[in-house]
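**Q**
Numbering (our numbering), first residue to last: 1 to 409.
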């Protein structure tokens with residue numbers, strides 16, 4: 001059983017890595033995509049907004065789908081679709097082809113994100129200790145690798161399909177082979193009676209009321225994340241007077257500190273508890289936004305973005321983990337619903353800061369995500385670890401369904 005879990009954990013970690021690479025390759029080459037297809041500045045926001053909207057749809061569909069098939073099977077087939085859709089974005093030459101590729105990418109990403117985190121939550125329950133931050137750390141590593149590959153492709157003036165094809169040729173077969181060892185944990189064993197009750201909506205309102213605080217935290221976290229990814233370079237250059245080259249540094253620093261924070265975060269959860277880690281993360285992130293808003297120059301601004309990476313990095317993985325603890329018999333449903341608010345935060349964050357920056361000023365705009373992140377403190381109790389569910393000295397015997405057997409065609 002130990003070897004089964006280790007292989008399952010490693011294969012799932014690779015899926016997180018591959019997803020980080022694919023997503024970074026897409027979002028960091030948006031200007032090249034725009035040039036290739038002749039997408040106007042007016043039309044570009046519609047294309048970009050369609051991806052998270054369709055991802056939300058994909059997550060909702062996955063919630064219903066996993067009542068009939070295992071999350072491991074959804075993950076096994078959604079990841080290749082994401083990679084092939086990425087290649088389609090780079091290989092097409094007409095606007096209609098771009099629309100189809102982005103639609104496929106968005107729907108598959110929603111299914112992929114939901115099913116990955118479902119497996120992560122169930123594996124954490126099976127392990128009996130915090131491991132979710134480690135999965136998201138590997139995702140951050142994939143993002144760094146993907147962004148680096150995108151930079152190399154842009155620097156070498158390579159066509160998009162030339163940049164994407166080698167990555168897909170490596171990741172796609174590796175993901176399919178690794179999918180043989182996915183592990184469906186306890187949540188895959190939810191009884192048919194419980195699933196029927198969920199389908200009939202008997203526990204829907206109660207579940208939503210309990211899940212709502214976590215949904216809000218997820219939204220706040222992604223508002224903060226999208227603020228950094230979309231506005232850090234512009235803020236450093238236009239507000240703090242940095243050079244164009246220096247303005248590219250904050251997001252890279254943010255990604256690296258996110259990776260470091262997640263790499264050690266599970267240890268913090270095991271020693272201090274999830275509530276303490278979330279509270280500290282929220283306070284550090286809020287301090288980061290405050291430093292950015294009040295920075296007299298670019299170097300202090302970069303300090304603020306560094307703090308943001310260290311603070312925000314723990315919120316999303318712990319939110320998924322908390323959903324699994326709150327609904328141990330229906331964690332797949334909880335994770336899928338919670339995952340939708342990932343995209344809600346992404347859709348709200350960038351336009352919100354941009355609108356406030358244009359109508360007011362960008363320093364003031366940075367205070368809004370700061371306040372929202374601080375609101376996480378209000379909901380920190382939702383992250384409480386129940387000792388009878390998992391934790392040191394309170395572990396129960398666990399069962400796990402091996403994805404290899406369940407993934408046969």
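Every residue, glycine too, gets a C-beta built ideally from N, C-alpha and C.
Here the structure is a predicted model, which is why all the values come from computation and not from measurement.
Does the contact criterion of 3 or more C-beta pairs under 8 Å hold for the stretch 363-378 versus the stretch 249-256?
**A** Contact fails: fewer than three Cβ-Cβ distances are below 8 Å.
**Q** In or out: residue 63 buried (at least 16 other Cβ within 10 Å) or exposed?
**A** Its Cβ being crowded by 16 or more others within 10 Å, residue 63 is buried.
**Q** Taking Cβ positions, are residue 81 and residue 108 nearer each other than 8 Å?
**A** Contact flag set, yes.
**Q** Where residue 230 and residue 36 are concerned, what is the direct C-alpha to C-alpha distance, given to the nearest angstrom?
**A** One C-alpha to the other measures close to 21 Å.
**Q** Please report the distance separating the alpha-carbon of residue 115 from that of residue 245.
**A** Roughly 38 Å separates the two Cα atoms.
**Q** Determine the extent of the alpha helix (DSSP H) in which residue 107 is found, giving its start and end residues.
**A** Run containing residue 107: 95-127, per the alpha helix (DSSP H) assignment.
**Q** CA-CA distance, residue 298 and residue 328?
**A** Near 46 Å, if we compare the C-alpha coordinates of residue 328 and residue 298.
**Q** Which of the three DSSP states, helix, strand or coil, is assigned to residue 39?
**A** Looking at residue 39 - three-state DSSP - the assignment turns out to be coil, as it is neither helix nor strand.
**Q** Please identify the residue among 24, 319, 359, 183 whose C-alpha is closest to the C-alpha of residue 341.
**A** The option with the nearest alpha carbon to residue 341 is 319.
**Q** Helix, strand or coil for residue 217? Go by DSSP, reduced to three states.
**A** Correct three-state label for residue 217: helix.
**Q** Could you tell me if residue 45 is buried or exposed, where buried requires 16 or more neighbouring beta carbons within 10 angstroms of its beta carbon?
**A** Exposed.
**Q** Under the assumption that residue 321 contacts residue 338 (Cβ atoms under 8 Å), give the Cβ distance between them as a whole number of angstroms.
**A** At roughly 11 Å, the Cβ-Cβ gap does not stay under 8 Å, so residue 321 and residue 338 are not in contact.
**Q** Whether or not the stretch 152-167 and the stretch 263-277 are in contact is what I'm after, with contact meaning three or more pairs of Cβ atoms, one per stretch, closer than 8 Å; do they touch?
**A** Because the criterion of three Cβ pairs below 8 Å is not met, the stretch 263-277 and the stretch 152-167 do not touch.
**Q** Decide if residue 360 is buried, meaning its Cβ has at least 16 other Cβ atoms within 10 Å, or exposed.
**A** So residue 360 counts as exposed.
**Q** Unbroken alpha helix (DSSP H) runs of length 4 or more, entirely within the stretch 274-306: which are they?
**A** You should have 274-294.
**Q** Got a sec? Which residues, its chain only, sit under 7 Å from residue 376 by beta carbon, not counting five neighbours each side?
**A** Taken in chain order, the residues that qualify are 217, 220, 278, 282, 315.
**Q** Could you spell out the range, first to last residue, of the alpha helix (DSSP H) harbouring residue 245?
**A** 244-247 is the extent of the alpha helix (DSSP H) around residue 245.
**Q** Report yes if the CB atom of residue 24 is closer than 8 Å to the CB atom of residue 146, and no otherwise.
**A** Result yes, Cβ atoms of residue 24 and residue 146 sit closer than 8 Å.
**Q** For residue 165, tell me which candidate among 236, 91, 134 has the shortest Cα-Cα distance.
**A** Nearest C-alpha to residue 165: 91.
**Q** Do you know whose CA, among 326, 143, 163, 121, lies nearest residue 212's CA?
**A** Among 326, 143, 163, 121, the Cα nearest to that of residue 212 belongs to 326.
**Q** For residue 335, which residues in the same chain have their Cβ closer than 8 Å to its Cβ, ignoring the five residues on either side in sequence?
**A** Excluding residues within five positions, the ones whose Cβ falls inside 8 Å are 114, 117, 118, 121, 320, 323, 324.
**Q** Is residue 412 buried or exposed, if buried means 16 or more other CB atoms sit within 10 Å of its CB?
**A** Absent from the model: residue 412. The displayed extent of the chain is 1 to 409, so no value can be given.
**Q** Measure from the alpha carbon of residue 224 to the alpha carbon of each residue in 86, 313, 383, then state which is nearest.
**A** Answer by Cα proximity: 313.
**Q** Given this structure, state the Cα-to-Cα distance separating residue 158 from residue 86, to the nearest angstrom.
**A** Going by the C-alpha atoms only, they are around 16 Å apart.
**Q** Can you give me the C-alpha to C-alpha distance between residue 241 and residue 300, rounded to a whole angstrom?
**A** Residue 241 and residue 300: Cα-Cα distance of roughly 12 Å.
**Q** Are the beta-carbon atoms of residue 5 and residue 183 separated by less than 8 Å?
**A** Contact: yes.
**Q** What does the alpha-carbon distance come out to for the pair residue 349 and residue 40?
**A** One C-alpha to the other measures close to 22 Å.
**Q** So residue 149 and residue 167 are supposed to be a Cβ contact under 8 Å. How far apart are they, rounded?
**A** The Cβ separation is near 6 Å, so the contact holds.
**Q** Which of helix, strand or coil does DSSP assign to residue 5?
**A** Helix at residue 5.
**Q** Residue 9: buried (16+ other C-beta within 10 angstroms of its C-beta) or exposed?
**A** Classification of residue 9: buried, given that the 10 Å Cβ count is 16 or more.
**Q** For the alpha helix (DSSP H) containing residue 328, list its first residue and its last residue.
**A** That residue, residue 328, is in no alpha helix (DSSP H); it is neither H nor E in DSSP.
**Q** Could you give the DSSP three-state label for residue 183: helix, strand or coil?
**A** DSSP places residue 183 in strand when its eight states are reduced to three.
**Q** Whole angstroms is fine: what's the gap from residue 456's alpha carbon to residue 73's?
**A** Shown here, the chain extends from 1 to 409; a query on residue 456 therefore has no answer.
**Q** Using a Cβ cut-off of 8 Å (strictly closer), state whether residue 39 contacts chain D.
**A** Within the model displayed, chain D is absent; a lone protein chain is all it includes.
**Q** Note the first and the last residue of the continuous alpha helix (DSSP H) segment covering residue 364.
**A** Segment 362-374, the alpha helix (DSSP H) holding residue 364.
**Q** Rounded to whole angstroms, what is the Cα-Cα separation between residue 67 and residue 61?
**A** If I take the Cα positions, the gap works out to 10 Å.
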